[in-house]
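Enquirer: Protein chains in written order, with the working numbering: chain S, 14 to 469; chain W, 14 to 469.
1) On the DSSP letters alone, give me the boundaries of the beta strand (DSSP E) that residue 30 of chain S sits inside.
2) Using a beta-carbon distance cut-off of less than 7 Å, what residues from the segment 169-195 of chain S approach chain W?
3) State the Cα-Cα distance for the pair residue 423 of chain S and residue 404 of chain S, rounded to the nearest angstrom.
4) Which stretch, first to last residue, makes up the beta strand (DSSP E) that contains residue 201 of chain S?
5) Step through the CB atoms of chain W and report whether any lies within less than 8 Å of the CB of residue 405 of chain S.
6) Using the three-state DSSP reduction, which class does residue 189 of chain S fall into: helix, strand or coil?
7) By the 10 Å Cβ neighbour count, where 16 or more other Cβ atoms means buried, how is residue 299 of chain S classified, buried or exposed?
8) Assign residue 76 of chain S to one of two classes, buried (16 or more other C-beta atoms within 10 Å of its C-beta) or exposed (fewer than that).
9) Thinking just about the alpha-carbon of each residue, which of S/267, S/351, S/386, S/78 is nearest to the one in residue 173 of chain S?
10) Spell out whether any CB of chain S is found under 8 Å from the CB atom of residue 398 of chain W.
11) If you compare alpha carbons, which of S/374, S/85, S/345 is closest to residue 356 of chain S?
12) With a floor of 4 residues, list each alpha helix (DSSP H) that falls wholly inside the segment 257-343 of chain W, ordered by position along the chain.
13) Which ranges would you report for the beta strand (DSSP E) in the segment 16-85 of chain W if only whole runs of at least 3 residues count?
14) Taking 8 Å as the limit between beta carbons, can you name the residues of its chain near residue 64 of chain W, skipping five residues before and five after?
15) Just to confirm, are residue 428 of chain S and residue 286 of chain S a CB contact at a threshold of 8 Å?
16) Against chain S, with Cβ distances strictly below 8 Å, would residue 28 of chain W count as a contact?
17) Below 8 Å on the Cβ atoms is my guess for residue 467 of chain W versus residue 50 of chain W; work out the distance and round it to an integer in Å.
18) Cα separation between residue 455 of chain W and residue 215 of chain W?
19) The segment 117-145 of chain W: which residues have C-beta closer than 7 Å to a C-beta of chain S, in chain order?
20) The beta strand (DSSP E) with residue 426 of chain S in it runs from where to where?
21) Only counting runs of 3 or more residues, tell me where the beta strand (DSSP E) segments fall wholly within the segment 97-159 of chain S, in order along the chain.
22) Where do the ends of the beta strand (DSSP E) carrying residue 464 of chain S lie?
23) With a threshold of 8 Å on Cβ separation, who are the neighbours of residue 120 of chain W within its own chain once the five nearest residues in sequence on each side are excluded?
24) Quick check: what's the CA-CA separation for residue 221 of chain W versus residue 171 of chain W?
25) Which of helix, strand or coil does DSSP assign to residue 396 of chain S?
26) State the Cα-Cα distance for the pair residue 162 of chain S and residue 208 of chain W, rounded to the nearest angstrom.
27) What residue ranges within the segment 347-390 of chain S form continuous beta strand (DSSP E) runs of no fewer than 3 residues, ordered along the chain?
28) Taking 8 Å as the CB-CB limit, is residue 435 of chain W close to chain S?
29) Looking at C-alpha atoms only, which residue of S/321, S/318, S/341 is the closest neighbour of residue 329 of chain S?
30) Closest to residue 375 of chain S by C-alpha separation, out of S/419, S/381, S/309, S/320, would be which residue?
31) Would you check if the segment 368-382 of chain W and the segment 230-242 of chain W touch, i.e. whether three or more CB-CB distances between them fall below 8 Å?
32) Report the neighbours of residue 386 of chain W on chain S: residues whose CB is nearer than 8 Å to its CB, in chain order.
33) Applying the 10 Å Cβ sphere with the 16-neighbour rule, what's the burial state of residue 16 of chain W?
34) Compute the Euclidean distance between the alpha carbons of residue 62 of chain S and residue 137 of chain S, then round it to the nearest angstrom.
35) In terms of residues, what are the limits of the alpha helix (DSSP H) holding residue 225 of chain S?
36) Going by DSSP in three states, residue 245 of chain S sits in which element: helix, strand or coil?
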């Protein structure tokens, strides 16, 4: 019989509830603030999100039931396999045992479908007809387009201009699912027009695209459109925890009790939260686990940004969120990991850092693509540019284990495949990629705008 | 608990042997013929293939052991899931139960990796250092590039020009795996130069690319290069039977004994053989199963071609194979299902048709893309253009079941995803696709060249 390389779960073993980290954090979460500087009420969010998701956003319940119909839709691709990376271990000559959770087997190619299906379902249930959203690399836009097709909602996606131009197939994929996809900033919204007036050739950013998508939702005169966000918010983190909850049971099938290190790439925080929150729970309750979010050195929110109240978008349409941030006007260098080009960070992930439960790391894209190429050639799967950050982090840990002679268990999230994002690989292979590191001067410039904001 | 949508297999349930249809065919297979019109000997094939694969090619053993190391490598993505297409059934309001075998979860995105891993392994074992091959849509070239990276062989891929130009990401993917990929016809071979001299703007064809790849292998002065083919040959069909062997056990887990209809798209024959041969075995032994290969109406080898001895390639480098053929000079219209643009057909599949064990069907690409879009929107996975042919066939059968009011079990092979082949979807959605049907005149022209060949 072949070595045990991957495990699934029986249908009966599938998680039936999502895990909410909020009630377990040692320091209670700070609330989001409205324009008046006071905590936002559920009613204030009602034009943007359906009330059932607002309730989840503000919930302090530890376990939240996954609706039967959502479980049914998730079961097309869940559980995703947990895979032992034997060949990577061998290539690195490490005594560590490396496992990766392969979220790329989702039909959308990434973990994003976990929350897309849930959000589309709750919106439909609430009587909404149409969703708007933004997308960076296109993973989220593809996932929400697919979920809307499955559930029967219209969908409009504002895609960051630089990615829209670099990845024409992403738009075609969304069109195939029946969704509309336009480049952001666009002329369709005031937020977009304002940006284009000042910087007509801007590559765009997630912050701008979010502004446009929110505006498009709240200005629909029928009142039947809502906005959907693929990361950052508490209910998004919640929906992703199914990843880590599955992993916990799958590790036992490999005969492992607990990982020593948990690694994921981090942009807005959702795939990191998905795999790590169930293990942060264990850490809070005494387990010794090193939990590492890896971000690009060109967008170093967790490693260099301060913890402040800031808007989630560029046009300041969102409430103020308590989070690590580079400032809402920050437009990152056009590195290829579009999904990691975000100025802010999930408030839940930010709170975990404040409570010293996680140890962030910033890695340059050159080291990341190097890791992605090695992984492709020894394990066979080409990772998304975002995912290469997690792999680079895992490789660093595996080498450390080799130097220390330690039999560590390293777990990372293989958040998505790169089959629709090959341009960056071409640039790497032909020596055209450059290092991007943010200067202090640049950082100060954007943060200065936040001087008069309420402080957390 | 959610409805049972998909099943895998336990590691202990995995097939340990491939199934060889040859010994079970009612009419014995005809041998391939050499330039002298006599059956080719194993030695004559030795410059092209390693002897261990030549033995498999000529084997009349019913069951052939899968080497332990090959099973280990396959276990990264096998077993692939068998999925019940509940949403498609509902959309079609059919009483039929539709199941699809999802080969798209392979890291190469299609079933091609099943034989790529096996062939690379046998070549490596035989001491070969380098493989050459051709690719149409790019699925096979990607799969062999990946397998060579995993096993440690060099790889050179001749990619049909029309696909090379339409699908730039495919080349990047092969490069990422460390393989070389060039457009065919190329200036690197005599076969390529001869074609370019006459038709410099030809879109290319699988037949031409095969000629180039064989030439590149047999002319290597070191003798350490061999050629690898992704379809047509007996040993390729053999390696793919793991698909149908898994399905047999998986259907039982769904509570189904036997399908009523088995459907797959067919170009050279490999994914069709993979899912259907184990069921053809059942049919030979009395089961009532309708087994349907679906081909494009622009390349109607099984439905309109005669059964003749013909070369597998355009430059007539291969032995004469007993098969249904449109003539080795036939260059199909540039439809997007590049993997189905082949003039010939697997001799084993051809023999099964001669024995009336299968019922081929030709469908136009417009109906196929329509089926692909419907499938994408209700089941969530975007099929490869090739795979849409199988879906279109399954939809026809499901509608027939509705009209007849019959509770049929329809099984089809979801051979690959279309994430790297979105251009055709764009053309379909923007109304730019046209119907392609082969004229009788065209057919006669190419077949005339075969007049003086030995007859089967």
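Note that beta-carbon positions come from the ideal geometry of N, C-alpha and C, so glycine has one too.
Expert: In brief:
1) 30-32
2) 182, 185, 186, 188, 189, 190, 191
3) 11 Å
4) Unbroken run through residue 201 of chain S: none, as it is neither H nor E.
5) no
6) helix
7) exposed
8) exposed
9) S/351
10) no
11) S/345
12) 283-297, 314-317
13) 30-32, 76-78
14) 55, 139
15) no
16) no
17) 5 Å
18) 17 Å
19) 118, 120, 122
20) 422-427
21) 110-115, 143-148
22) Unbroken run through residue 464 of chain S: none, as it is neither H nor E.
23) 89, 90, 126, 159
24) 9 Å
25) strand
26) 46 Å
27) 374-376
28) yes
29) S/341
30) S/309
31) no
32) 189
33) exposed
34) 12 Å
35) 219-231
36) coil
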